[in-house]
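Presented below is the structure to which this report refers.
2 protein chains.
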Amino acid sequence: MAKTEIHKKTGYHHGDLRGELIAAARQLIEEHGPDGFSMSDACRLAGVSTAAPYRHFSSKQDLLSEIAKDGLNRLGIDMEARASKQARGTVQSIAAMGRAYVAFARREPHTFRLMFSTMSHHDRIDELKQVGRGSYGVLLREVANYLGEPDINETVLRTSFPLWTQVHGLSFLAIDGKLDVTEFPVDIEDSILIATERLLPSVP
Amino acid sequence: MAKTEIHKKTGYHHGDLRGELIAAARQLIEEHGPDGFSMSDACRLAGVSTAAPYRHFSSKQDLLSEIAKDGLNRLGIDMEARASKQARGTVQSIAAMGRAYVAFARREPHTFRLMFSTMSHHDRIDELKQVGRGSYGVLLREVANYLGEPDINETVLRTSFPLWTQVHGLSFLAIDGKLDVTEFPVDIEDSILIATERLLPSVP
DNA sequence: AACATATGTTAGCAATGGTAACATAGTTAG
DNA sequence: CTAACTATGTTACCATTGCTAACATATGTT
Numbered sequence: 135m136a137k138t139e140i141h142k143k144t145g146y147h148h149g150d151l152r153g154e155l156i157a158a159a160r161q162l163i164e165e166h167g168p169d170g171f172s173m174s175d176a177c178r179l180a181g182v183s184t185a186a187p188y189r190h191f192s193s194k195q196d197l198l199s200e201i202a203k204d205g206l207n208r209l210g211i212d213m214e215a216r217a218s219k220q221a222r223g224t225v226q227s228i229a230a231m232g233r234a235y236v237a238f239a240r241r242e243p244h245t246f247r248l249m250f251s252t253m254s255h256h257d258r259i260d261e262l263k264q265v266g267r268g269s270y271g272v273l274l275r276e277v278a279n280y281l282g283e284p285d286i287n288e289t290v291l292r293t294s295f296p297l298w299t300q301v302h303g304l305s306f307l308a309i310d311g312k313l314d315v316t317e318f319p320v321d322i323e324d325s326i327l328i329a330t331e332r333l334l335p336s337v338p
Numbered sequence: 135m136a137k138t139e140i141h142k143k144t145g146y147h148h149g150d151l152r153g154e155l156i157a158a159a160r161q162l163i164e165e166h167g168p169d170g171f172s173m174s175d176a177c178r179l180a181g182v183s184t185a186a187p188y189r190h191f192s193s194k195q196d197l198l199s200e201i202a203k204d205g206l207n208r209l210g211i212d213m214e215a216r217a218s219k220q221a222r223g224t225v226q227s228i229a230a231m232g233r234a235y236v237a238f239a240r241r242e243p244h245t246f247r248l249m250f251s252t253m254s255h256h257d258r259i260d261e262l263k264q265v266g267r268g269s270y271g272v273l274l275r276e277v278a279n280y281l282g283e284p285d286i287n288e289t290v291l292r293t294s295f296p297l298w299t300q301v302h303g304l305s306f307l308a309i310d311g312k313l314d315v316t317e318f319p320v321d322i323e324d325s326i327l328i329a330t331e332r333l334l335p336s337v338p
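Residue numbers (our numbering), protein chains in the order written: chain Y, 135 to 338; chain L, 135 to 338.
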């Protein structure tokens, strides 16, 4: 079945062109941005003809969507991992998720932008939205825990949203090099902690 | 001199091609996004050959930068206008600026994205940063007023930054259609007011 | 009137996303 | 084992795009 086989180039068939194209695309996108990225480049890097990708992706957008989806998944995993190093359901664990969010954006700015630019993904919006919801759920559960709520109710949702907004904005400002427009050194870690404290209602 | 003349097509010379190209580009960008925008389209819309723009703009990027710059300017003007309808130096006037910010993003999402996507503007980053600083100053002055600070000192800067971050994040989530990921109806106006209240220190 | 400058045109280039027709490898049926 | 089928690759080609070069026309200055 679809087990991850060893990549055996027969010279004609490639082995795992789909995976290799995704890898190549991710690399190129982080180097030159999603706009500067071309299918042709990815093909050159993977060592195949420019027509080959269309056996695996219906279009350039389709490939980009795949990368966005993967990114959204990894973001959720990162957040959970970072939070799990703190006492659960605390300001600290929630702030840790925020740090993971911004850290992801700074580590892979172009992928991050891709993950959230709806305009690009005509076709697979619903699929991406689903994956996004999954990663957002990681935050929701942490906030529910903090609030002592038994499940994801409206209170949890209303509390979580401004937290998301905050780190999302911070991420974009950071990757777009707007932090020095503020004319004073912004410490990102501090910003996240302070905003998290202010936006969370104090809880017993 | 460079006064805005009536646009007289002689049939060959155009009158104000530069201005018309900017207008055409703005229209096309809001219709199809900055990626879907092509120089050729703008030329067709302006009724000139595809080589004509290069007498007025060194490249496609240069034209886009011009539009970004104009957008940043208009954003600052919008913010000032909306704030001036409130009592100055209050939570209300600051929230009004936030509303103007998000409203701009929703009204011209593609231009908004362009305004903040550093990656695109290789050449004119410094110029754009300068204009951006100008518009940011509108918020800074309002916050200084609120805090009773005589000038833009570090306290003002530290207070203003999370406010910017918040509305910036909200703007992006809104234009990227991510508000329904939260599974509950987000009232944008409310969100802004609540976040502004929480992020501003209470002041006598 | 003559010249310099600004601004437009046509012709053409290389790169790109995508398709069609063909080639080859791996898989399954008889 | 071979034949047929399917999956996956290739070459050839197309329209579009950003941009440049060489040429044409208008405007303004002297």
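Backbone N, C-alpha and C define an ideal beta-carbon position, used for all residues, glycine too.
- In the structure shown, Y/Gln220 adopts coil according to DSSP, grouped into three states.
- In the three-state reduction of the DSSP assignment, Y/Phe191 falls in the coil class, being assigned neither a helical nor a strand state.
- For Y/Lys263, the chain L residues whose C-beta falls within less than 7 Å of its own C-beta are Val315, listed in chain order.
- Remark: C-beta atoms of Y/Ala239 and Y/Leu327 do not approach each other more closely than 7 Å.
- If the five residues before and after Y/Asp212 are omitted, its C-beta is found closer than 7 Å to the C-beta atoms of Ala234 and Phe238, all from its own chain and listed in chain order.
- Listed by position along chain L, the residues whose Cβ is nearer than 8 Å to that of Y/Arg208 form an empty set, because the closest Cβ is around 17 Å away.
- Closest option to L/His256, judged by alpha-carbon separation, among L/Met173, L/Gly181, L/Ser192 and L/Ile322: L/Ser192.
- Counting along the chain, Y/Pro243 sits inside the alpha helix (DSSP H) bounded by residues Pro243 to Phe250.
- Three or more beta-carbon pairs separated by less than 8 Å link the region 298-310 of chain Y to the region 305-324 of chain L, which places the two stretches in contact.
- Residue-level contact by beta carbon fails for L/Glu276 and chain Y, as no gap is shorter than 7 Å.
- The Cβ atoms of L/Leu155 and L/Asp175 do not sit closer than 7 Å to each other.
- Contact annotation for L/Tyr188 against chain Y: no contact, minimum CB-CB distance about 20 Å [criterion: below 7 Å].
- Contact of Y/His302 with chain L is assigned, a C-beta pair being separated by under 7 Å.
- Taking all protein chains in view, the Cβ of Y/Pro335 is surrounded by fewer than 16 other Cβ atoms within 10 Å, so the residue is classified as exposed.
- In this structure, the alpha-carbon of L/Ile259 lies about 10 Å from that of L/Gly266.
- With a threshold of 7 Å between beta carbons, L/Phe171 makes no contact with chain Y.
- Taken through DSSP and simplified to helix, strand or coil, Y/Thr184 comes out as coil.
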